[in-house]
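Colleague: Here it is: the structure, laid out below.
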Amino acid sequence: MSTNIQDILAEEAESLLTYRCTGIPRERLHVPGPDFVDRIVSLSDRNPRVLRNLQSLFNQGRLGGTGYLSLLPVDQGVEHSAGASFAPNPDFFDPEHIVELAIEGGCNGVASTLGVLGAVARKYAHKIPFIVKLNHNELLSYPNQYDQTLFAQVDQAFELGAVAVGATVYFGSEESRRQILEVSEAFAHAHELGLVCVLWAYLRNSAFKHEGTDYHTAADLTGQANHLAATIEADIIKQKQALGNGGYTALDFGKTHPKVYDELTSEHPIDLVRYQVANCYMGRVGMINSGGPSGKDDLHQAVRTAVINKRAGGMGLISGRKAFQKPVAEGVKLLNAIQDVYLSDEVTIA
Numbered sequence: 182m183s184t185n186i187q188d189i190l191a192e193e194a195e196s197l198l199t200y201r202c203t204g205i206p207r208e209r210l211h212v213p214g215p216d217f218v219d220r221i222v223s224l225s226d227r228n229p230r231v232l233r234n235l236q237s238l239f240n241q242g243r244l245g246g247t248g249y250l251s252l253l254p255v256d257q258g259v260e261h262s263a264g265a266s267f268a269p270n271p272d273f274f275d276p277e278h279i280v281e282l283a284i285e286g287g288c289n290g291v292a293s294t295l296g297v298l299g300a301v302a303r304k305y306a307h308k309i310p311f312i313v314k315l316n317h318n319e320l321l322s323y324p325n326q327y328d329q330t331l332f333a334q335v336d337q338a339f340e341l342g343a344v345a346v347g348a349t350v351y352f353g354s355e356e357s358r359r360q361i362l363e364v365s366e367a368f369a370h371a372h373e374l375g376l377v378c379v380l381w382a383y384l385r386n387s388a389f390k391h392e393g394t395d396y397h398t399a400a401d402l403t404g405q406a407n408h409l410a411a412t413i414e415a416d417i418i419k420q421k422q423a424l425g426n427g428g429y430t431a432l433d434f435g436k437t438h439p440k441v442y443d444e445l446t447s448e449h450p451i452d453l454v455r456y457q458v459a460n461c462y463m464g465r466v467g468m469i470n471s472g473g474p475s476g477k478d479d480l481h482q483a484v485r486t487a488v489i490n491k492r493a494g495g496m497g498l499i500s501g502r503k504a505f506q507k508p509v510a511e512g513v514k515l516l517n518a519i520q521d522v523y524l525s526d527e528v529t530i531a
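According to this note's numbering, the stretch in the sequence shown is residues 182 to 531, in order.
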């Protein structure tokens, strides 16, 4: 039974389902679709092995053949600690349950650590596409540090049968230049081997929290992070959904333009995410939004996030804790609800 999207969106349904972007109209975008690899990616410098592996991602799961992605990421055991991540559902200490949830949930692929995917690679690498996350933050060091460290190598991901590698850069952080260099080199090697490259393009700087407002999800700052991610040839960019704007102007740093705020965007959430997509080379690089932490209103928040992403021109959702910190049946239901948004004809590009 398909998800009743309008009922879940409740009083926001009309605003989110009928809004039309005018600052950056949809006609300027390269929108996702069944022919995305042929229409867009095949024009790039990616070799045929990358095209094949990217298409294998697009062909998997309930969204297979649509050009949209529903991914399950479970790498939180490193950064957030295994206890904090898996205590709500201890079965997920076992990597097999992670991969099984992705399969049962109809996902296009599963993203996790070298250890998790390597532990079950011979059983599952041919059943669902693997995305090996190469670097992680870790909070066992005391006091806590906030940096990304390589835990795995591209060759290891290739050998276990992955179709893609993933990495995080904390743009805006003191260590970002080193991370950009490390990830750029890793992505170049991954492309040589035919692996798709996914970048978690996150912001991280305590100064981005200013006068009671958190600008880590500002459209202008996250948009620039996306542009930098596309510059090092990420094939897919994972970004937190924009929740506001004006990071450059509030913090009075960097460079921006009045039209970013007066013409290209508005306060409407779809306009804010449209600006994020525009910075992904107008959609030539697919942008997927993260699902965020698990809470009390997960189904509504997941569907809302998916609707905004799709209508803005995004390529899908990568949702982890909202799914794996629940009983399996509930996790599958949530993943399917997200996918129903991308399968729905009533949710169009704004």
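No residue lacks a Cβ here, since even glycine has one placed at the ideal position from N, Cα and C.
Which residue from Asn240, His370, Phe274 puts its Cα closest to that of Cys288?
Modeller: Asn240
Colleague: Taking the alpha-carbon positions, what's the Gln334 to Ala283 distance?
Modeller: 24 Å
Colleague: Using a threshold of 8 Å, state whether the C-beta atoms of Met468 and Ile418 are closer than that.
Modeller: yes
Colleague: Looking only at its chain, what residues have a beta carbon closer than 6 Å to the beta carbon of Gly435, apart from the 5 residues adjacent to it on each side?
Modeller: Tyr429
Colleague: Under 7 Å Cβ to Cβ from Gly260, same chain only, skipping five residues before and after it: list those, please.
Modeller: Looking at the sequence provided, one finds Glu at residue 260 rather than Gly. Excluding sequence neighbours, Glu260 sits near His317, Asn318, Glu319, Leu320.
Colleague: So, helix, strand or coil for Gln420, using DSSP?
Modeller: DSSP places Gln420 in the strand class (E or B) of the three-state scheme.
Colleague: Whole angstroms are fine: how far does the CA of Tyr456 sit from the CA of Ile205?
Modeller: Distance between the alpha carbons of Ile205 and Tyr456 is about 8 Å.
Colleague: Starting from Lys436, follow the beta strand (DSSP E) in both directions and report where the run begins and ends.
Modeller: Per DSSP, Lys436 belongs to no beta strand (DSSP E) and is neither H nor E.
Colleague: Could you pull the DSSP bridge partners for Pro254 from this structure?
Modeller: Ala292
Colleague: When DSSP labels each residue in this structure, what does Leu380 get in the three-state scheme?
Modeller: Of the three classes helix, strand and coil, the one that applies to Leu380 here is strand, per DSSP.
Colleague: Taking all protein chains shown into account, do 16 or more other C-beta atoms lie within 10 angstroms of the C-beta of Gln420, making it buried, or fewer, making it exposed?
Modeller: buried
Colleague: Within 10 angstroms of its Cβ, does Leu516 collect 16 or more other Cβ (buried), or is it exposed?
Modeller: buried
Colleague: Tell me the rounded alpha-carbon separation between Val466 and Leu453.
Modeller: 17 Å
Colleague: Closest to Val313 by C-alpha separation, out of Phe339, Thr437, Arg243, would be which residue?
Modeller: Phe339
Colleague: Of the residues Val377, Leu232, Ala406, Lys491, which one's Cα is nearest the Cα of Leu530?
Modeller: Checking the sequence, you will find Ile at residue 530 rather than Leu. Out of Val377, Leu232, Ala406, Lys491, Lys491 has the C-alpha closest to the C-alpha of Ile530.
Colleague: If you reduce the DSSP assignment to three classes, tell me which class Asn316 lands in.
Modeller: strand
Colleague: Closer than 7 Å by C-beta to Ala371: which residues in its own chain qualify, once you throw out the five before and the five after it? Chain order, please.
Modeller: Val335, Val346, Cys378
Colleague: Less than 8 Å separating the beta-carbons of Ile413 and Ser365?
Modeller: yes
Colleague: Using a Cβ-Cβ cut-off of 7 Å (strictly less than) and excluding sequence neighbours within five positions of Ala518, which residues of its own chain qualify?
Modeller: Thr184, Leu480, Ala483, Val484
Colleague: Alpha carbons only, please: which of Val350, Leu238, Leu424, Ala388 is nearest the one belonging to Leu128?
Modeller: There is no way to answer for residue 128, as the model of the chain reaches only from 182 to 531.
Colleague: Give every residue of the same chain whose Cβ lies closer than 6 Å to the Cβ of His278, excluding the five residues on either side of it in the sequence, and list them in chain order.
Modeller: Asp272
Colleague: Grab the span of the alpha helix (DSSP H) containing Gly347 for me, first residue to last.
Modeller: Here Gly347 belongs to no alpha helix (DSSP H); instead the beta strand (DSSP E) covers 345–352.
Colleague: Taking all protein chains shown into account, do 16 or more other C-beta atoms lie within 10 angstroms of the C-beta of Tyr323, making it buried, or fewer, making it exposed?
Modeller: exposed
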